[in-house]
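> Numbering (full-length UniProt numbering), first residue to last: 1 to 280.
The beta-carbon is built from N, C-alpha and C at its ideal position, and this holds for glycine as well.
1. In angstroms with no decimal places, state the Cα-to-Cα distance between residue 28 and residue 181.
2. Quick one: is residue 188 buried, meaning 16 or more other Cβ sit within 10 Å of its Cβ, or exposed?
3. Taking DSSP's pairing of strands, which residues face residue 178 in a bridge?
4. Roughly how many angstroms lie between the CA atoms of residue 93 and residue 83, to the nearest whole one?
5. For residue 15, name the three-state secondary structure that DSSP assigns.
6. CB-CB under 8 Å to residue 88, same chain, minus the five flanking residues each way: which ones, in chain order?
7. With which residues is residue 202 paired in a DSSP beta bridge?
8. How far does the beta strand (DSSP E) with residue 52 in it extend, from its first residue to its last?
9. Would a C-beta distance cut-off of 8 Å place residue 138 and residue 128 closer than the cut-off?
10. Would you decide whether residue 166 is buried or exposed? Buried here means 16 or more other CB atoms lie within 10 Å of its CB.
11. One question on the structure: do residue 23 and residue 73 come within less than 8 Å of each other, judged by their Cβ atoms?
12. Would you call residue 52 buried or exposed, if buried means 16 or more other Cβ atoms sit within 10 Å of its Cβ?
13. Can you tell me the Cβ-Cβ gap for residue 214 and residue 191, rounded? I've got them flagged as a contact below 8 Å.
14. Just grab the DSSP bridge partners of residue 105 for me.
15. Give the range of the beta strand (DSSP E) segment to which residue 67 is assigned.
16. Could you check the C-alpha separation between residue 229 and residue 179 for me, to the nearest Å?
17. Spatial neighbours of residue 112 within its chain, please: CB distance less than 6 Å, with the 5 preceding and 5 following residues excluded, ordered by chain position.
18. Within 10 angstroms of the Cβ of residue 216, are there 16 or more other Cβ atoms? Answer buried if so, exposed if not.
19. Do you know how far the Cα of residue 44 is from the Cα of residue 174?
20. Inspect the beta-carbon positions of residue 85 and residue 144 and report whether they are closer than 8 Å.
21. By the three-class DSSP mapping on this structure, what secondary structure does residue 96 have?
22. Could you compute how far the alpha carbon of residue 156 sits from the alpha carbon of residue 34?
23. I'd like the ranges of any alpha helix (DSSP H) spanning at least 4 consecutive residues and lying wholly in the stretch 103–172.
24. For a test of the three-state rule: what should DSSP assign to residue 38, helix, strand or coil?
25. Going by DSSP, what residues sit across from residue 365 in a beta bridge?
26. Take the Cβ of residue 42 as the centre, count every other Cβ of all protein chains shown within 10 Å, and call the residue buried at 16 or more, exposed below.
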């Protein structure tokens with residue numbers, strides 16, 4: 001099943017992907033290709049672009065997952081996160097005085113103390129990790145409050161679960177970071193937003209998590225650079241973000257396939273500048 005839901009506000013007809021580089025895992029090893037301008041592919045500064053999928057030099061860890069934002073790549077093992085690329089807002093999550101890193105090194109946080117890494121989410125200049133024991137750690141840009149504080153400079157890795165707990169957002173099962181806000185899905189299907197959010201249809205910056213008013217419980221969440229989406233129990237897609245009007249799209253095509261994919265946890269999405277691509 002393959003279905004494209006187009007952002008009707010901009011009315012583009014084709015799916016335009018955000019990144020001009022790729023990273024994928026093959027037997028636990030990363031293969032990278034495309035633009036290396038920020039060093040995000042882990043190759044030397046002299047290598048500006050890589051045509052074909054190529055291994056990362058001097059990287060021997062066996063990896064669990066790979067994630068990319070606009071100018072960074074993050075690789076996760078069972079107990080660590082490795083980062084490379086741009087560092088203007090502490091996106092690398094480690095002590096580093098330069099604006100770029102062409103080498104993958106560990107984010108400076110002891111994830112093993114929280115039973116390891118369950119999920120990493122990144123977009124723009126912000127990254128967060130959901131640990132195996134349900135804690136949330138974030139770093140990078142929090143100018144719009146997406147890490148539960150409003151700060152002009154990028155922040156080093158910090159524990160933000162206490163802010164979520166205080167607001168009533170507990171038992172988190174998935175995290176999803178956009179460029180200016182973060183969403184958190186809990187085990188009852190509630191979705192909580194922190195950062196840039198809509199209040200009376202106007203964008204407002206708030207570092208205090210707020211529960212979204214959804215018509216029914218959410219089954220999954222994803223984020224693009226400026227907007228996020230939740231797939232709901234009634235098979236509708238709820239989309240919200242600072243550059244979009246809030247709207248809902250009914251998935252009246254391939255409803256059986258969508259329901260099957262959601263139940264099997266294999267429904268995924270890819271955000272472009274102008275579209276959302278649902279796929280398995």
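On the basis of the coordinates in this document:
1. For residue 28 and residue 181, the distance between alpha carbons rounds to 31 Å.
2. Answer is exposed; the Cβ neighbour count stays below 16.
3. In DSSP, residue 178 forms no bridge with anything.
4. Linking residue 93 to residue 83 through their CA atoms gives a straight-line distance of about 8 Å.
5. With a pLDDT of only 48 at residue 15, under the threshold of 50, the placement of this residue in the model should not be trusted; the figure read from the coordinates follows. Of the three classes helix, strand and coil, the one that applies to residue 15 here is coil, per DSSP.
6. Only 99, 125, 154 meet the Cβ criterion.
7. In the DSSP assignment, the residues bridged to residue 202 are 199.
8. Per DSSP, the continuous beta strand (DSSP E) segment holding residue 52 begins and ends at 49–55.
9. A contact, by the Cβ cut-off of 8 Å.
10. Burial call: exposed.
11. Closer than 8 Å, so yes.
12. Exposed: under 16 other Cβ atoms inside 10 Å.
13. About 6 Å separates the Cβ atoms of residue 214 and residue 191, confirming a contact at the 8 Å cut-off.
14. Beta-bridge partners of residue 105 (DSSP): 83.
15. Bounds of the beta strand (DSSP E) holding residue 67 are 65–68.
16. Their backbone Cα atoms lie some 13 Å apart in a straight line.
17. Result list for residue 112: 79, in chain order.
18. Residue 216 should be labelled exposed.
19. Going by the C-alpha atoms only, they are around 34 Å apart.
20. No, these two residues do not count as a Cβ contact at 8 Å.
21. In the structure shown, residue 96 sits in coil (DSSP, three-state: anything other than H, G, I, E or B).
22. Their backbone Cα atoms lie some 28 Å apart in a straight line.
23. Complete alpha helix (DSSP H) runs here, min 4: 161–167.
24. Reduced to three states, the DSSP call for residue 38 is coil.
25. No statement about residue 365 is possible, as the shown extent of the chain runs from 1 to 280 and does not include it.
26. Within 10 angstroms of the beta-carbon of residue 42 lie 16 or more other beta-carbons, which makes it buried.
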